[in-house]
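Asks:
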Amino acid sequence: MPSNTPNLGLLKKDPVIDSNDTFNIKTMLNDNWDKIDGAIGELREDVQDIVIPDASLTVKGITQLNSAVNSASETEAATPKALKTVNDSLTTHKAETVKQTTVDIIFYVATTGNDTTGDGTSGNPFKTIQFAINKLPKFIANRIIINVIAGNYAEDISFVGFSGRSGLELNGPNCKINSLNIYDNSITISVTSFEVISSVDGMPAFVYMNSKRINLVSLKMVSISPYGVLVNSSNAVQISNCQISNKTTSAISIQYLSVCFSEENSGTGNSIALQCTTASTIGKSGSQPSGTTAEEVAWGGAQ
Numbered sequence: 047m048p049s050n051t052p053n054l055g056l057l058k059k060d061p062v063i064d065s066n067d068t069f070n071i072k073t074m075l076n077d078n079w080d081k082i083d084g085a086i087g088e089l090r091e092d093v094q095d096i097v098i099p100d101a102s103l104t105v106k107g108i109t110q111l112n113s114a115v116n117s118a119s120e121t122e123a124a125t126p127k128a129l130k131t132v133n134d135s136l137t138t139h140k141a142e143t144v145k146q147t148t149v150d151i152i153f154y155v156a157t158t159g160n161d162t163t164g165d166g167t168s169g170n171p172f173k174t175i176q177f178a179i180n181k182l183p184k185f186i187a188n189r190i191i192i193n194v195i196a197g198n199y200a201e202d203i204s205f206v207g208f209s210g211r212s213g214l215e216l217n218g219p220n221c222k223i224n225s226l227n228i229y230d231n232s233i234t235i236s237v238t239s240f241e242v243i244s245s246v247d248g249m250p251a252f253v254y255m256n257s258k259r260i261n262l263v264s265l266k267m268v269s270i271s272p273y274g275v276l277v278n279s280s281n282a283v284q285i286s287n288c289q290i291s292n293k294t295t296s297a298i299s300i301q302y303l304s305v306c307f308s309e310e311n312s313g314t315g316n317s318i319a320l321q322c323t324t325a326s327t328i329g330k331s332g333s334q335p336s337g338t339t340a341e342e343v344a345w346g347g348a349q
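Numbering (our numbering), first residue to last: 47 to 349.
#1: Should K127 go down as buried or exposed, given a rule of 16 or more other Cβ atoms within 10 Å for buried?
#2: Is it true that the CB of P272 sits closer than 8 Å to the CB of A23?
#3: Taking C-beta to C-beta, are V277 and S304 nearer than 8 Å?
#4: Ordered along the chain, which non-local residues of its own chain (more than five positions away) have a Cβ less than 8 Å from that of S331?
#5: Comparing alpha-carbon positions, which option in N287, G346, T109, T147 lies nearest L214?
#6: Applying the criterion that 16 or more other CB atoms from any shown protein chain within 10 Å of the CB defines a buried residue, is S257 buried or exposed?
#7: Is I203 closer than 8 Å to P171 when the C-beta atoms are compared?
#8: Our contact map puts S299 next to Q321 with C-beta atoms below 8 Å; I'd like the distance itself, whole angstroms only.
#9: Are the CB atoms of S239 and N217 within a distance shorter than 8 Å?
#10: N316: buried (16+ other C-beta within 10 angstroms of its C-beta) or exposed?
#11: Looking only at its own chain, which residues have a Cβ that is under 7 Å from the Cβ of S232, when we skip the five neighbours before and after it?
#12: How long is the line joining the alpha carbons of V275 and K222, rounded to whole angstroms?
#13: Might you give, ordered along the chain, the residues of its own chain that have their beta carbon closer than 6 Å to the beta carbon of T314, omitting 5 neighbours on each side?
#14: Per DSSP, what are the beta-bridge partners of V7 in this structure?
#15: Could you tell me whether the Cβ atoms of S186 and S168 are closer together than 8 Å?
#16: Could you tell me the alpha carbon to alpha carbon distance between I190 and S113, rounded to whole angstroms?
#17: Which same chain residues, not among the five before or five after T157, have their C-beta less than 6 Å away from its C-beta?
#18: Within a Cβ cutoff of 8 Å, which residues of the same chain sit near P183, ignoring the five residues on either side of it in sequence?
#19: Can you look up D165 in the DSSP assignment and give me helix, strand or coil?
#20: Measuring CA to CA, which of T163, T234, N193, P52 is closest to I82?
#21: Short of 7 Å in beta carbon distance, which residues of its chain neighbour I96, apart from the five on each side in sequence? Order them along the chain.
#22: Determine the extent of the beta strand (DSSP E) in which I195 is found, giving its start and end residues.
#23: Alpha carbons only, please: which of V115, D150, E122 is nearest the one belonging to D134?
#24: Who pairs with T323 in a beta bridge, going by DSSP?
#25: Assuming contact is defined by CB atoms lying nearer than 8 Å, are T174 and Y199 in contact in what I supplied?
#26: Starting from the Cα of G207, find the closest Cα among S119, Y229, C288 and give me that residue.
#27: With a threshold of 7 Å on Cβ separation, who are the neighbours of N281 within its own chain once the five nearest residues in sequence on each side are excluded?
#28: Between which residues of its own chain and N180 is the CB-CB distance below 8 Å, once the five residues before and five after are set aside?
#29: Thinking C-alpha only, which one of N220, E122, P99, K266 is nearest V242?
Structure representation (structure tokens):
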């Protein structure tokens, strides 16, 4: 006996019971198709009447996709492409992120040390001063001390691009270095008790450019060279208890809007002892190096 489907009431035959009945095209096909067609028509009308709102922060609804990575929209959704673009950028930027110190650091350097196997401790020091400096992150958030054990270090030392909220100390009693360049730093850098031999042709013992808060204490610069200390575009440079001799241009030269304080320094055989030019300022206290010309002021310099 034929039966009907529960939803649309379509007529269907039982293949066992109704196997001998004649197939009726009208009831078994046409009537069924008409019911299906009618149901689809009603469904279409119902769907057309459904209103789905646009999604918002408070209402669920239709959301448009957006591949932009700089959109401020709160009604659009980011595509996987946008997420990949942001992730790739973060991955690239992570490698460029400035690292910083997290604890105070004391490094040791000795002529008997090793830059490959050394760890900078007193028992296992580095061999070269520049290697110890290069081990430091550029952002200094803690006190940094580099102690150099007595010896001769044929190095031209550079401090370049350090910033932060603490200071860096380089101590070298009974140590010799070629020269020192301090460039583009915004933290306090103190250098104490080195002898600087200025072996590089034309290289001053110390060069400071675009830096501030530089302290030079108990340094010896007596080899023949153009300059002892050359300060360029820097401020808060203090030179104390230093011996500066035999400089063919100037023992201390302050240039280009720099500010320097010279205190209890000595030395002989200089062409010019103190040179201050190009709107720079040099303050003095106690003894100063001597020279054929004691002081030279030019182009707006002041002493």
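For glycine and all other residues, C-beta sits at the position ideal for the given N, C-alpha and C.
Replies: A quick look at the data gives this:
#1: exposed
#2: Since the first and last residues shown for the chain are 47 and 349, residue 23 lies out of range.
#3: A contact, by the Cβ cut-off of 8 Å.
#4: F307, S308, E309, E310
#5: T147
#6: buried
#7: The answer is no: Cβ separation not under 8 Å.
#8: 4 Å
#9: yes
#10: buried
#11: S209, K258
#12: 16 Å
#13: S291, S336
#14: Lying before the first or after the last residue shown, residue 7 is absent from the chain, which here runs from 47 to 349.
#15: Per the sequence presented here, residue 186 reads as Ile, with Ser not at that position. Cβ atoms of I186 and S168: not closer than 8 Å.
#16: Answer to the nearest angstrom: the Cα atoms are 46 Å apart.
#17: G197
#18: V144, K145, Q146, T147
#19: coil
#20: Nearest C-alpha to I82: P52.
#21: Within the same chain, I96 has no close Cβ partners at all.
#22: Segment: none, I195 is in no beta strand (DSSP E) and carries neither H nor E.
#23: V115
#24: A344
#25: Less than 8 Å separates the beta-carbon of T174 from that of Y199.
#26: Y229
#27: K258, S304, V305
#28: Close CB contacts of N180 within its chain, under the 8 Å cut and outside five residues either way in sequence, are absent.
#29: When each option's Cα is compared against that of V242, the closest is K266.
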